[in-house]
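*Asks:*
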Amino acid sequence: MYILRLCCIAVITAVSALVLKSHKSELVPLCLTAGGILMFLFAFDYLTESVEFIKSFTEGAGIDNDIIRIIFKIIGIGFLVELTASSISDMGFNSIADKLVLCGKIIIFVVSIPILNATYKIIVSLINLV
């Protein structure tokens with residue numbers, strides 16, 4: 011049911027942008043951005059249920075909370091960069107959107123270094139067991 015609502019929001023946004031294009035073309039990027047934000051906020055409500063499940067799963071599995079926090083931070087950075095880059099691209103500034111995506115990838119790499127460090131420690135401890 012959620013996907014149907016998201017699709018309806020997308021269609022309404024697209025039709026509104028199409029109508030605005032012929033009357034007030036300068037409002038089209040604003041309309042598309044508002045529709046994208048509305049869809050994102052709607053999906054965010056659905057995401058909270060999944061986050062609660064993941065929290066209970068990681069507590070039961072004994073996974074470190076710092077690692078899960080970093081993973082969620084990486085996912086959030088990716089979503090935010092993609093949403094912003096798409097909005098900027100819709101406005102016609104593709105070169106800025108591409109640079110934003112590149113910077114987002116660099117930031118994701120830097121944020122993921124503690125996960126790489128934890129993986130290295132696990133591998134070293136497994137090698138020492140043998």
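11 is the number of the first residue of the sequence shown in the working numbering; add one for each residue after it. Using N, Cα and C, we set each Cβ at its ideal position, and we do this for glycine too.
Would you mind giving the Cβ-Cβ distance between residue 118 and residue 88, rounded to the nearest angstrom? I have them listed as a contact below 8 Å.
*Replies:* Between residue 88 and residue 118 the Cβ distance is about 6 Å, and since that is below 8 Å, they are a contact.
*Asks:* Straight-line CA distance for residue 33 to residue 26?
*Replies:* Straight-line Cα distance between these residues: approximately 11 Å.
*Asks:* The alpha helix (DSSP H) with residue 46 in it runs from where to where?
*Replies:* It spans 38 to 71 - the alpha helix (DSSP H) in which residue 46 sits, taken as one unbroken run.
*Asks:* Using DSSP with H/G/I as helix, E/B as strand and the rest coil, what is residue 74?
*Replies:* Three-state DSSP puts residue 74 in coil, outside helix and strand.
*Asks:* Quick check: the Cα distance between residue 83 and residue 56, rounded to an integer number of angstroms?
*Replies:* Roughly 18 Å separates the two Cα atoms.
*Asks:* What is the DSSP secondary structure of residue 103, reduced to helix, strand or coil?
*Replies:* Residue 103 falls in the coil class under three-state DSSP.
*Asks:* Answer yes if the segment 65 to 81 comes into contact with the segment 95 to 105, meaning at least three C-beta pairs across the two stretches below 8 Å, and no otherwise.
*Replies:* Segments in contact, no.
*Asks:* Under 8 Å, do residue 80 and residue 21 count as touching if we go by C-beta distance?
*Replies:* No, Cβ-Cβ distance for residue 80 and residue 21 is not below 8 Å.
*Asks:* Buried or exposed: where does residue 41 fall if 16 or more other Cβ atoms within 10 Å of its Cβ makes it buried?
*Replies:* Buried: at least 16 other Cβ atoms inside 10 Å.
*Asks:* Looking at the structure shown, is residue 134 part of a helix, part of a strand, or coil, going by DSSP?
*Replies:* The answer is helix: DSSP assigns residue 134 an H, G or I state.
*Asks:* So residue 122 is in the alpha helix (DSSP H); what residue range does that whole segment cover?
*Replies:* Note, residue 122: premise wrong, no alpha helix (DSSP H); not H, not E.
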